Amino acid sequence: MIKTTDYANLGFECRETHANYISYYKDGKWDEGMMKSDDCIKISAFSPALHYGQEAFEGLKAYRRKDGKVQLFRPDMNAKRLQDSCKRLLMPDVPVEKFIDAVEQVVKANEDLVPPYGSGATLYVRPFIIGVGRNLGVRPAKEYIFSVICSPVGSYFKGGLAPNKFVITEYDRAAPNGTGNSKVGGNYAASLYPHHMAKEMGYADCIYLDPLTHTKIDEVGAANFFGITYDNKFITPKSSSILPSITKKSLMYLAEHELGLEVVEGEVYIDKLDIFKEAGACGTAAVISPIGRIDMGEKHQIFFSETEVGPTVRKLYDLLTGIQYGDIEGPEGWTRIVK
Ligand code: PLP
Ligand code: COI
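Whatever position you read off the sequence shown (first residue = 1), add 56 for the working numbering.
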């Protein structure tokens, strides 16, 4: 693994850390959990996580504040979403308190690796759960591992607030009544090929359409889509096959309460993208990446500018990151200092 020296130029890669967390579920209950220093896990080769994708994960960040303290952004929302993913894949719930405690133990053990305030980098925290133990038939495991690992990271999409271009893919990452709204490994396995194709063609990522009709935007790679219309509405797709993004929910609140925009979760038809003056991709890893251009076959749509971020997307970015880094006080309960 790569040692971290240059926080200003970090990409989204695995870096060396000091410690991670692991907890075992056996005979219907979780153990206490413990910290360990190496990132290897020994499991049976028959484990359902390996063959049938019985796995779910989360992603959240630890932010270095100006006063040197470290804080988390809405970790309770990640804990609850992991519970939803676990239900869908018949895995046992990780209690919210256990989830937050594990995340905090990992952040504390790697405190010196939380990048400095102002570097634009953060400590990315990756909780996950896998079904383990000897099993052959397609059925849920009897034993599970819940683990939390981390790595210092920089931008997910290159360029920070510089707009990126995306291409519509004909592939789907999820099925209409499948697992698109759960954060489970299978969705990401399905996304590897279309993501690769988009990168080969020079795009930052691909845009998935709704799997039923292929007429509406669902997701932007591993991020949600939002657009700002010429009549000042914040519109984001409503779909049962997209991941309910915590960043998106936070932006919906900020757009309405701080910027006074009308917020709509609705249909985003690809043949009506010209209603948007600005657009963005949002997520924990992506933060907000302005969408400069979307290509779709012969046609394309440009939003604001292919080289500069638009004013509303910038305001949302400043508000969101201001809260995440502790410069702006957010709504009650949005941030949690790691003590
Ligand atoms: N969509 C997908 C497919 C994702 O993997 C993510 C990342 O978690 C998001 C959207 C954004 O969700 P969040 O803002 O909760 O990180
Ligand atoms: C996140 O934004 O946390 C993600 O999980 C996206 C991706 C790296 C899978």
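Quick reminder that beta carbons are idealized off the backbone N, C-alpha and C, glycines included.
Treat the numbers as computed from the prediction; the structure is a model and nothing was measured.
| Query | Result |
| --- | --- |
| Closest Cα partner of residue 263 within the set 224, 109, 294, 120 | 224 |
| Residue 317 to residue 87 span [Cα, whole Å] | 47 Å |
| Whole-angstrom distance between residue 202 and residue 156, CA atom to CA atom | 12 Å |
| CA-to-CA distance, residue 190 to residue 99, given in whole angstroms | 9 Å |
| Cα-Cα separation between residue 75 and residue 283, rounded to whole angstroms | 40 Å |
| Any non-hydrogen atom of ligand 1 within 7 Å of residue 391 CB | no |
| Cut-off 7 Å between Cβ atoms - residues of its own chain near residue 338, not counting five sequence neighbours on either side | 279, 280, 282, 301, 303, 304, 307, 344 |
| Integer-rounded CB distance, given that residue 320 should sit under 8 Å from residue 272 | In fact, because the Cβ distance is near 13 Å, the residues do not count as touching under 8 Å. |
| CA-to-CA distance, residue 116 to residue 382, given in whole angstroms | 16 Å |
| Nearest to residue 376 (by Cα), restricted to the options 328, 128, 193 | 128 |
| Under the three-state DSSP convention, the category residue 228 falls into | coil |
| Contact between the stretch 362-374 and the stretch 231-246 (3+ Cβ pairs under 8 Å) | no |
| heavy atom of ligand 1 below 7 Å from residue 239 C-beta | yes |
| Sequence-distant residues of the same chain with beta carbon closer than 6 Å to residue 130, five excluded per side | 302, 390 |
| Contact between the stretch 186-200 and the stretch 104-116 (3+ Cβ pairs under 8 Å) | yes |
| CB of residue 163 within 8 Å of CB of residue 112, strictly | no |
| Shell residues, 5 Å Cβ cut-off relative to heavy atoms of ligand 2 | 115, 278, 339, 340, 341 |
| Those runs of the beta strand (DSSP E) which lie wholly inside the stretch 94-159 and span at least 3 residues | 111-113, 116-120, 126-129 |
| Residue 81 versus residue 70: straight-line alpha-carbon distance, rounded | 26 Å |
| Segment limits, beta strand (DSSP E) that includes residue 396 | Nothing can be reported for residue 396: it is not among the residues displayed for the chain, which extend from 57 to 395. |
| 6 Å CB neighbourhood of residue 64 in its chain, flanking five on each side removed | 175 |
| 6 Å Cβ shell around residue 314 - same chain, five flanking residues per side excluded | 375 |
| Residues sharing a beta bridge with residue 183, DSSP | 204 |
| Ligand 1 heavy atom lying under 7 Å from the CB of residue 396 | The structure shown does not extend to residue 396, since the chain is modelled only from 57 through 395, so no value can be given for it. |
| Cα-Cα separation between residue 204 and residue 153, rounded to whole angstroms | 14 Å |
| Residue 275: CB within 7 Å of a non-hydrogen atom of ligand 1 | yes |
| Selection from 326, 227, 243, 260 that minimises the alpha carbon distance to residue 298 | 243 |
| Backbone secondary structure at residue 303 - three-state DSSP | helix |
| Neighbourhood of residue 166 by C-beta, 7 Å cutoff - its chain only, sequence neighbours within 5 removed | 73, 74, 75, 179, 206 |
| C-beta atoms of residue 333 and residue 360 nearer than 8 Å | yes |
| Residue span of the beta strand (DSSP E) that contains residue 293, given as start and end | 289-293 |
| Residue 297 CB to nearest heavy atom of ligand 1 below 7 Å | no |
| Whole-Å CB distance - residue 66 paired with residue 209, under 8 Å assumed | 6 Å |
| Cβ-Cβ separation, residue 342 to residue 249 (assumed contact under 8 Å), whole Å | The pair is not a contact, with the Cβ atoms about 20 Å apart (cut-off 8 Å). |
| Cβ-heavy atom distance, residue 301 to ligand 1, below 7 Å | yes |
| Buried or exposed by the 16-neighbour rule on C-beta atoms within 10 Å, applied to residue 354 | exposed |
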